[in-house]
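Colleague: Take a look at this one; I'll ask things after.
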Amino acid sequence: MDSGSRPPPPTGTGVRVRAPLVESVSCYCRLDTGLKTVVDARKFVPGAKMCMQPEVKQSKRKSRGSRKERCRTQAPLLPGLPDDLAIACLIRVPRVEHPNLRMVCRRWNRLFSGNYFYSLRKKIGVAEEWVYVFKRDREGKISWHAFDPLHQLWKSLPPVPSEYSEALGFGCAVLSGCYLYLFGGKDPLRGSMRRVVFYNARTNKWHRAPDMLRKRHFFGSCVINNCLYVAGGECEGIQRTLQSAEVYDPNRNRWACITEMNNGMVPFIGVVYDGKWFLKGLDSHRQVTSEVYLPSSNAWSTIDDEMVTGWRNPSISFNGRLYSADCRDGCKLRVYDDNTGTWTRFMDSKHHLGSSRAFEAAALVSLNGKLCIIRNNMSITLVDVSDPTMSVETDSARIVTPTVEVYQMKKNSSPDVEPIITAGCLGHTWPHLWKKVSSMLPLSMCHLTNGSTISA
Numbered sequence: 001m002d003s004g005s006r007p008p009p010p011t012g013t014g015v016r017v018r019a020p021l022v023e024s025v026s027c028y029c030r031l032d033t034g035l036k037t038v039v040d041a042r043k044f045v046p047g048a049k050m051c052m053q054p055e056v057k058q059s060k061r062k063s064r065g066s067r068k069e070r071c072r073t074q075a076p077l078l079p080g081l082p083d084d085l086a087i088a089c090l091i092r093v094p095r096v097e098h099p100n101l102r103m104v105c106r107r108w109n110r111l112f113s114g115n116y117f118y119s120l121r122k123k124i125g126v127a128e129e130w131v132y133v134f135k136r137d138r139e140g141k142i143s144w145h146a147f148d149p150l151h152q153l154w155k156s157l158p159p160v161p162s163e164y165s166e167a168l169g170f171g172c173a174v175l176s177g178c179y180l181y182l183f184g185g186k187d188p189l190r191g192s193m194r195r196v197v198f199y200n201a202r203t204n205k206w207h208r209a210p211d212m213l214r215k216r217h218f219f220g221s222c223v224i225n226n227c228l229y230v231a232g233g234e235c236e237g238i239q240r241t242l243q244s245a246e247v248y249d250p251n252r253n254r255w256a257c258i259t260e261m262n263n264g265m266v267p268f269i270g271v272v273y274d275g276k277w278f279l280k281g282l283d284s285h286r287q288v289t290s291e292v293y294l295p296s297s298n299a300w301s302t303i304d305d306e307m308v309t310g311w312r313n314p315s316i317s318f319n320g321r322l323y324s325a326d327c328r329d330g331c332k333l334r335v336y337d338d339n340t341g342t343w344t345r346f347m348d349s350k351h352h353l354g355s356s357r358a359f360e361a362a363a364l365v366s367l368n369g370k371l372c373i374i375r376n377n378m379s380i381t382l383v384d385v386s387d388p389t390m391s392v393e394t395d396s397a398r399i400v401t402p403t404v405e406v407y408q409m410k411k412n413s414s415p416d417v418e419p420i421i422t423a424g425c426l427g428h429t430w431p432h433l434w435k436k437v438s439s440m441l442p443l444s445m446c447h448l449t450n451g452s453t454i455s456a
């Protein structure tokens, strides 16, 4: 009998009917509905439908279209203006108002904390330079302050992290133009530290950074090509005076060792000049020694020429030339002549402020393209180096009493006091100066610029 003449199967009781191989109603609740395989499968299953159980959550990614749609529906930065015109208005707002504007809404906070906003300020020439200093009260507590030269105002920074509230002998420097780093130092209770923290001028907050490789305090530091270098200093232990040196690269966010110094040193003055880092300090026998570091060859060498012997505090490398104070109150300045290898008189204002400690020049920094002389009583003199006969005296607000005593560290004197650390932002050139101060109200100054790379 052939297959065409087969009788139909019996339909009596006890005969089971086979279930269809493919169900007409399928549940895909465990699958991603965005997958192409699911969509294709439904084409071959007539009547198939998705499971819409309320307790099952489908994991569906938001498409780019939905993000763009959300951006279209969000409120504008300024009502009635497109965002590009709103940004053109906001970038012209003075920097002193930025902290208040960040609190308007989330969009404004993101805008005022980003790189794009401050790159536009720099591009149109409205970037501002501020001077950052810290002071220590009578209880030994540290607080940071920023001076706005445009409005002659002092602004308080958020409290420093607890490990630096009473630290001694730490370093400070600015990287990427907007990050103020505090590193190393000596805690009164725990001793030398490797800790590193930094302040973001755009967000007005303190953050942690990778620790240094070696504990140290009262060391030398500088910034070259936006990399932070530290060398020498002291640490508890048998080898008290350190020879080791290291460098921090913010792009890699890590520290690395560099060649050790020829002799251990506790630096009290330093500067980056002509692409080299010069340090002068006391060795383990409390004898004055000087060394120079060349980053290109990663090598240290001992130096004892006229530049070092005639080098005085405070000093600064500014516009490719090395300047130094030539009198106590900074009314006279000297400049180093590379051709003759000697120091020569550069400026004499003939207006001496007096021999009081309050009028002693504490720092030389760069401010708005001029050389800025800052004294212990926080009075400021701006000198146009292109015309040294013209100087502008600024009676700035004062955050310290005029009783702060500052005097240069002498040979065989102990460095175990809080130093003054000053720094002038000159792109990749950062002088780092050390002085001995009274234990009552030590002061440190650091210049944080809003020029080429600052973000504030």
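Residue 1 is where the sequence shown starts when you use our numbering, and the numbers rise one by one after that. For every residue, glycine included, the Cβ atom is placed at its ideal position computed from N, Cα and C.
Would you mind reading off the limits of the beta strand (DSSP E) that contains Y199?
Modeller: It spans V196 to N200 - the beta strand (DSSP E) in which Y199 sits, taken as one unbroken run.
Colleague: Output the distance between the C-alpha atoms of F318 and L371, rounded to the nearest integer angstrom.
Modeller: Approximately 8 Å, taken between the alpha carbons.
Colleague: Alpha carbon to alpha carbon, how far is T203 from I91? Give it in angstroms, no decimals.
Modeller: One C-alpha to the other measures close to 16 Å.
Colleague: State the DSSP-derived secondary structure class of T302, mapped to helix, strand or coil.
Modeller: If DSSP states are grouped into helix, strand and coil, T302 belongs with the strands.
Colleague: Below 8 Å on the Cβ atoms is my contact criterion, and I expect D338 with K332 to pass it. Report the Cβ-Cβ distance as a whole number of Å.
Modeller: No, D338 and K332 are not in contact; Cβ-Cβ is about 21 Å, not under 8 Å.
Colleague: Are there 16 or more other CB atoms within 10 angstroms of the CB of H477, so buried, or fewer, so exposed?
Modeller: With the chain running from 1 to 456 in the structure shown, residue 477 is simply not present.
Colleague: If we call anything under 8 Å between Cβ atoms a contact, is D329 one with R357?
Modeller: Against a cut-off of 8 Å, the Cβ pair of R357 and D329 comes out as no contact.
Colleague: Where does K122 fall in DSSP's three states?
Modeller: Helix at K122.
Colleague: Considering only their Cβ atoms, is the gap separating T302 from E291 smaller than 8 Å?
Modeller: Yes, Cβ-Cβ distance for E291 and T302 is below 8 Å.
Colleague: On the DSSP bridge assignment, give the partners of H249 in chain order.
Modeller: Rather than His, the amino acid found at residue 249 in this sequence is Asp. Its beta-bridge partners are R254.
Colleague: Going by the beta-carbon positions, is the gap between A167 and L228 smaller than 8 Å?
Modeller: No, the Cβ-Cβ distance between A167 and L228 is not below 8 Å.
Colleague: Checking the sheet assignment: what are the DSSP bridge partners for R208?
Modeller: Paired residues: V197.
Colleague: On the DSSP letters alone, give me the boundaries of the alpha helix (DSSP H) that C89 sits inside.
Modeller: Here the alpha helix (DSSP H) through C89 covers D83 to L90.
Colleague: Considering L111, what are the terminal residues of the alpha helix (DSSP H) in which it resides?
Modeller: Its alpha helix (DSSP H) spans residues R106 to F112.
Colleague: For the segment 182-198 against the segment 229-237, do three or more pairs of beta-carbon atoms, one drawn from each stretch, fall closer than 8 Å, so that the two count as touching?
Modeller: With the cut-off at 8 Å, the segment 182-198 and the segment 229-237 touch.
Colleague: Return yes when the Cβ of I142 is within less than 8 Å of the Cβ of V160, no when it is not.
Modeller: Contact: yes.
Colleague: What does the Cβ neighbour count give for M103, buried or exposed, with the cut at 16 atoms within 10 Å?
Modeller: With fewer than 16 other Cβ atoms within 10 Å, it is exposed.
Colleague: Among residues of its own chain, excluding the 5 on either side of A256, which ones have a beta-carbon nearer than 6 Å to its beta-carbon?
Modeller: Excluding sequence neighbours, A256 sits near V247.
Colleague: Assuming contact is defined by CB atoms lying nearer than 8 Å, are P267 and K276 in contact in what I supplied?
Modeller: No. Outside cutoff.
Colleague: Could you check what DSSP says for S162 in three-state terms: helix, strand or coil?
Modeller: S162 falls in the helix class under three-state DSSP.
Colleague: If we ignore side chains and look at the alpha-carbon of each, how far apart do L294 and S176 end up?
Modeller: Answer to the nearest angstrom: the Cα atoms are 21 Å apart.
Colleague: According to the Cβ coordinates, are V223 and A209 closer than 8 Å?
Modeller: No, the Cβ-Cβ distance between V223 and A209 is not below 8 Å.
Colleague: Specify the secondary structure class of V272 as computed by DSSP and reduced to three states.
Modeller: Reduced to three states, the DSSP call for V272 is strand.
Colleague: Since I believe N298 is in contact with D283 (beta carbons under 8 Å), could you give me their beta-carbon distance rounded to a whole number of angstroms?
Modeller: Incorrect: roughly 22 Å between the Cβ atoms, too far for contact.
Colleague: Between which residues of its own chain and K155 is the CB-CB distance below 6 Å, once the five residues before and five after are set aside?
Modeller: So the qualifying residues of the chain are A146.
Colleague: Can you list, in chain order, the residues of its chain with a C-beta nearer than 7 Å to that of N226? Leave out the 5 residues immediately preceding and following it.
Modeller: For N226, where only same-chain residues beyond five positions count, the Cβ hits under 7 Å are L175, S176, P250 and H428.
Colleague: Taking the C-alpha atoms as reference points, what is the distance between S324 and I316?
Modeller: Going by the C-alpha atoms only, they are around 7 Å apart.
Colleague: Can the beta-carbon of N368 be found closer than 8 Å to that of E129?
Modeller: Going by C-beta atoms, N368 is nearer than 8 Å to E129.
Colleague: Between M193, S221, A231 and K205, which lies nearest to K215 when the distance is taken from Cα to Cα?
Modeller: Of the candidates M193, S221, A231 and K205, the one whose C-alpha sits nearest the C-alpha of K215 is M193.
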